[in-house]
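In our numbering, the protein residues as written are 5 to 110.
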């Protein structure tokens, strides 16, 4: 004997929601690299994010960026990153003044 179960409205809504979420995650993370910082934060960045890059906030900015050390004290601008837990004002609340301002030549 085979019993077929008809999905109820909750099942249909959940399947639709999960499908939409999966699609958004796929679109958001396309051509992005998942990483962990040395402090244990996780994030998404450009595909060329690698060990040794620095994550920096520019004054008046809300988004962190990746910089890579180059020749003679210069830095290459790699791109913007999403880092869970230090976006927007979270960084200043979390890190406070323990992190000093630095000047980067790009």
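The C-beta atom is built at its ideal place from N, Cα and C for all residues, glycine as well.
> Within 10 angstroms of its Cβ, does residue 51 collect 16 or more other Cβ (buried), or is it exposed?
Replying inline: exposed
> Sorted by chain position, which residues of the same chain lie with C-beta nearer than 8 Å to residue 82's C-beta, five sequence neighbours on each side aside?
Replying inline: 49, 50, 52, 53, 57, 69, 70, 71, 72
>> So for residue 49, helix, strand or coil by DSSP?
In response: strand
>> Applying the 10 Å Cβ sphere with the 16-neighbour rule, what's the burial state of residue 85?
In response: buried
>> With the cut-off set at 8 Å, would you say residue 4 and residue 78 are in Cβ contact?
In response: Residue 4 lies beyond the range of the chain shown here (5 to 110); nothing can be said about it.
> Assuming residue 41 contacts residue 87 under a Cβ cut-off of 8 Å, what Cβ separation, rounded to an integer in Å, is found between them?
Replying inline: 7 Å
>> Quick check on residue 21: does DSSP put it in helix, strand or coil?
In response: helix
>> What does the Cβ neighbour count give for residue 24, buried or exposed, with the cut at 16 atoms within 10 Å?
In response: exposed
> Buried or exposed: where does residue 89 fall if 16 or more other Cβ atoms within 10 Å of its Cβ makes it buried?
Replying inline: exposed
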